[in-house]
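With the numbering used here, the residue at position 94 of the sequence shown is 95, and numbering never jumps. Ideal placement from N, C-alpha and C gives every residue a C-beta, glycine not left out. First comes the structure, then the notes that go with it.
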Amino acid sequence: MVYDWENKEEICYRMYIEEKKSLEEIMEYMKEELKFAPSKRAFQTQFKRWDFPSKQNPAHKNAALVQRVKELWDCNTSQREMLRLLNEEGFEIKERELMRQEA
């Protein structure tokens with residue numbers, strides 16, 4: 002099935018980039034509010050066509066974050082506490098990124 006993406010770029014950009022909504026949240030909104038239900042892969046492809054910046058922010062490339070995680074790990078800090086502390090300290094990191102960081 003071919004979907005009409007015309008007039009969808011602005012709302013997708015606002016939700017995905019400005020509001021930092023997940024792709025799943027955007028898909029749900031589009032399905033419920035606009036009766037527009039392409040696959041996840043179709044959304045990903047369209048976002049690339051529109052040159053939306055990637056939300057992938059590899060934590061392992063942030064030297065300060067890597068060092069801080071190592072310090073917390075050496076102090077035997079729990080993952081939940083680590084996540085809380087890192088976010089309080091200004092590192093925007095999610096649980097999944099932290100798990101990858103520790104590996």
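Quiz prompt | Neighbour-count burial assignment, Cys76, 16 or more Cβ in a 10 Å radius | solution = Your numbering for residue 76 matches position 75 in the sequence shown. Under this definition Cys76 is an exposed residue.
Quiz prompt | Cβ-heavy atom distance, Glu29 to the ligand ZN, below 6 Å | solution = No copy of the ligand ZN occurs in the structure displayed, which carries no ligand at all.
Quiz prompt | Whether Phe37 touches Met28 by CB criterion (7 Å) | solution = What you label residue 37 is simply residue 36 of the sequence shown in a count that begins at 1. What you label residue 28 is simply residue 27 of the sequence shown in a count that begins at 1. Not a contact, by the Cβ cut-off of 7 Å.
Self-check item: Meets three-Cβ-pair contact criterion under 8 Å: the region 7-19 and the region 37-53
Solution: yes
Quiz item: Taking three-plus beta-carbon pairs below 8 Å as touching, is the region 40-51 in contact with the region 78-91?
Solution: Short answer: they don't touch.
Quiz item: Does DSSP put Ala38 in a helix, a strand or coil?
Solution: Taking the first residue of the sequence shown as 1, we reach residue 38 at position 37. DSSP places Ala38 in coil when its eight states are reduced to three.
Practice problem: Return yes when the Cβ of Tyr4 is within less than 7 Å of the Cβ of Pro39, no when it is not. | Solution: On the sequence shown, position 38 is the one that residue 39 refers to. On the sequence shown, position 3 is the one that residue 4 refers to. Taking 7 Å as the Cβ cut-off, Pro39 and Tyr4 qualify as a contacting pair.
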